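One structure is given below, encoded as structure tokens.
There are 2 protein chains.
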Amino acid sequence: MRLFRERGYDRTTMRAIAQEAGVSVGNAYYYFAGKEHLIQGFYDRIAAEHRAAVREVLDRETDLTARLTGVLKAWLDVATPYHEFAVQFFKNAADPDSPLSPFSAESEHARAEAIDVHREVLAGSGARVPEELRDVLPELMWLSQMGLVLYWIFDRTEGRERSYRLAERGARLTARGVTLSRFRVLRPLVHDVHELFTDFLPGMARVLPDPARAEGAHASADASAPE
Amino acid sequence: MRLFRERGYDRTTMRAIAQEAGVSVGNAYYYFAGKEHLIQGFYDRIAAEHRAAVREVLDRETDLTARLTGVLKAWLDVATPYHEFAVQFFKNAADPDSPLSPFSAESEHARAEAIDVHREVLAGSGARVPEELRDVLPELMWLSQMGLVLYWIFDRTEGRERSYRLAERGARLTARGVTLSRFRVLRPLVHDVHELFTDFLPGMARVLPDPARAEGAHASADASAPE
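Residue numbers (full-length UniProt numbering), protein chains in the order written: chain R, 1 to 227; chain Y, 1 to 227.
If you want it as structure tokens, here you go:
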């Protein structure tokens with residue numbers, strides 16, 4: 001991470017990383033097939049740190065807005081040391097077809113972990129959630145977290161103060177959306193929004209409960225593979 | 001545009017542009033204070049071309065989904081020659097604090113034009129829209145168009161086929177959201193979503209209907225001013 005931060009992602013070679021870690025290049029490649037896989041390891045670490053960081057708020061709060069706010073702020077806390085890296089790394093991750101995208105099939109593990117956190121946010125709250133939306137809402141909540149991440153990357157305020165405010169406002173808004181989603185008239189819209197994301201973001205369909213969803217030759221092909 | 005496309009935005013100088021246009025550097029600077037202003041001119045041109053391109057569909061269709069689909073597809077048509085440029089230019093425009101961002105104060109003219117198109121999409125449709133949302137919905141519709149633009153930038157399919165499909169699906173979804181927004185229980189949510197964007201995206205508050213709104217140091221100051 002230090003090398004990536006100092007030299008930028010594109011200019012950091014596996015050779016340099018191996019040298020810095022005091023291992024042979026062959027050894028480095030034994031553990032990581034390439035730089036992209038190092039980044040996946042980084043994503044997994046962030047996800048695990050975040051999971052640990054939200055424990056306290058999820059054990060304490062039952063209100064949906066409070067739980068969601070806590071989870072979003074915990075993410076900002078955990079990510080703080082990597083802000084500089086995130087800024088220069090952004091152009092690699094913004095492409096949804098890149099393995100480095102948070103929506104890629106390659107990022108599935110970290111993404112599934114992060115969505116699980118939102119599943120727990122919802123399940124442990126007092127919010128009444130219709131059965132049919134129980135798998136859909138945590139994914140949409142995670143998508144709103146991705147919106148916050150995007151905003152945070154470009155946030156130049158002292159201590160990312162605006163991102164923390166957006167976390168609060170966004171959490172209130174998302175919680176309100178979740179509460180409204182129990183109205184029958186709205187459920188089709190929630191499903192449609194969710195389907196739009198899963199159909200158009202490669203890798204997203206992977207975490208869907210229904211593995212039978214057949215898609216064509218493109219990116220969502222593996223997404224439809226049975227879990 | 002050709003120079004930008006060939007050399008990339010960052011590596012194209014005003015000097016090179018002036019030379020290519022057969023004018024003196026001083027003359028080039030007389031018309032455009034810098035490269036950013038050339039891009040604003042480009043944004044304005046796209047907006048004007050789009051406005052002309054939607055004429056036919058807006059004169060013919062009254063159904064909201066059909067109008068919106070036509071407007072989004074017309075944008076994809078108009079933008080086709082600039083796809084390659086958009087890909088490499090993206091990292092400059094993605095930063096909401098950059099004057100090159102579609103959300104910046106500097107892009108206001110092109111943005112206001114684009115939002116006007118959506119105002120017309122809505123006004124000429126059969127959709128019943130509550131008075132209180134008449135100014136808010138066109139901006140949210142434009143935001144969904146920005147989502148399509150982001151997707152299009154990374155679309156590598158032949159003829160941007162997936163972007164055209166997203167235009168159709170997105171238009172249906174947005175039209176459904178517009179239709180649902182007349183329910184009283186939902187209106188506060190629509191207002192909140194809109195306020196979130198205007199408070200957190202610099203420049204967005206500018207296009208709000210109230211011209212008395214003082215422009216403070218940043219966008220959120222005016223967004224919180226009483227209506």
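Every residue, glycine too, gets a C-beta built ideally from N, C-alpha and C. All of these numbers come straight from a predicted model, not from anything done at the bench.
Open item on the list: Mapping the DSSP letters down to three states, classify T1 of chain Y as helix, strand or coil.
Closed with: As a first step, residue 1 of chain Y must be located in the second sequence, where it is residue number 1. Here residue 1 of chain Y turns out to be Met, not Thr, going by the sequence shown. Correct three-state label for M1 of chain Y: coil.
TODO: Within its chain, find whatever has a CB closer than 7 angstroms to the CB of T179 of chain Y; leave out the 5 residues flanking it on each side and keep chain order.
DONE: Here residue 179 of chain Y is taken as the residue at index 179 of the second sequence, counted from 1. Excluding positions up to five away in sequence, the list reads A127.
- [ ] Quick one: grab the DSSP three-state call for G177 of chain R.
- [x] As a working mapping, residue 177 of chain R is identified with position 177 in the first sequence. Looking at G177 of chain R - three-state DSSP - the assignment turns out to be helix.
Open item on the list: For chain Y, check one thing: does any of its Cβ atoms lie closer than 7 angstroms to the Cβ of R169 of chain R?
Closed with: Here residue 169 of chain R corresponds to residue number 169 of the first sequence, with the count starting at 1. Chain Y contact via Cβ: present.
TODO: Report the rounded CA-to-CA distance for H37 of chain Y versus Q145 of chain Y, giving the unit in angstroms.
DONE: Looking up residue 37 of chain Y in the second sequence gives position 37. Looking up residue 145 of chain Y in the second sequence gives position 145. Taking the straight line from one Cα to the other gives about 23 angstroms.
TODO: May I ask you to list, following chain order, the residues of the segment 172-186 of chain Y that have a beta carbon less than 9 angstroms from some beta carbon of chain R?
DONE: R172, L173, R176, G177, L180, F183, V185, L186
Task: C-alpha distance - F90 of chain R paired with G8 of chain R, whole-angstrom precision - done: By 1-based counting over the first sequence, the position of residue 90 of chain R is 90. By 1-based counting over the first sequence, the position of residue 8 of chain R is 8. Whole-angstrom Cα-Cα distance: 11 angstroms.
Task: Neighbourhood of R51 of chain R by C-beta distance below 7 angstroms, restricted to the same chain and skipping five residues each side - done: Counting from one through the first sequence, the residue named residue 51 of chain R turns up at place 51. Correct list, in chain order: E113, V117.
TODO: With residue 247 of chain R as the anchor, note down where its alpha helix (DSSP H) starts and where it stops.
DONE: Past the boundaries of the shown model lies residue 247 of chain R; chain R is included only from 1 to 227, so the question cannot be answered.
- [ ] From the DSSP output, in three-state form, read off S220 of chain Y for me.
- [x] Within the second sequence, the letter at position 220 stands for residue 220 of chain Y. Unreliable placement is indicated for S220 of chain Y, whose pLDDT of 40 sits below 50; the coordinate value is still reported in the next sentence. Residue state, collapsed to three classes: helix.
Task: Where the alpha helix (DSSP H) containing E36 of chain Y begins and where it ends - done: The sequence position of residue 36 of chain Y within the second sequence is 36, counting from 1. E36 of chain Y -> alpha helix (DSSP H) spans 35-60.
Open item on the list: Count Cβ pairs between the segment 62-72 of chain Y and the segment 123-140 of chain Y that sit closer than 8 angstroms; are there 3 or more?
Closed with: Yes, the segment 62-72 of chain Y is in contact with the segment 123-140 of chain Y.
- [ ] Identify which residue in Y:V25, Y:V185, Y:R11, Y:V121 has its Cα closest to the Cα of L58 of chain Y.
- [x] The residue labelled residue 58 of chain Y in the question sits at position 58 within the second sequence. Among Y:V25, Y:V185, Y:R11, Y:V121, the Cα nearest to that of L58 of chain Y is on Y:V121.
Task: Local conformation of A86 of chain R per DSSP, three classes - done: Looking up residue 86 of chain R in the first sequence gives position 86. Residue state, collapsed to three classes: helix.
- [ ] Measure the Cβ-Cβ separation of F42 of chain R and L201 of chain R and say whether it is below 7 angstroms.
- [x] Within the first sequence, the letter at position 42 stands for residue 42 of chain R. Within the first sequence, the letter at position 201 stands for residue 201 of chain R. Cβ distance not < 7 angstroms, so F42 of chain R and L201 of chain R don't count as in contact.
TODO: Hey, could you find the ends of the alpha helix (DSSP H) D192 of chain Y is sitting in?
DONE: As a working mapping, residue 192 of chain Y is identified with position 192 in the second sequence. From DSSP, the alpha helix (DSSP H) with D192 of chain Y extends over 187-200.
Task: Between the CA atoms of A48 of chain R and I133 of chain R - distance to the nearest angstrom - done: Numbered from its first residue, the first sequence carries residue 133 of chain R at position 133. Numbered from its first residue, the first sequence carries residue 48 of chain R at position 48. Strictly speaking, residue 133 of chain R in this sequence is Leu, with Ile absent from that position. Between L133 of chain R and A48 of chain R, the C-alpha separation is close to 26 angstroms.
Open item on the list: Here's a check: name, in chain order, each residue in its chain whose Cβ is nearer than 7 angstroms to the Cβ of T174 of chain R, leaving out the five neighbours to either side.
Closed with: Mapped onto the first sequence, residue 174 of chain R falls at position 174. Around T174 of chain R: L68, M141, S144.
Open item on the list: Could you check whether the segment 4-22 of chain R touches the segment 86-101 of chain R, counting it as contact only if at least three pairs of C-beta atoms, one from each stretch, sit closer than 8 angstroms?
Closed with: yes
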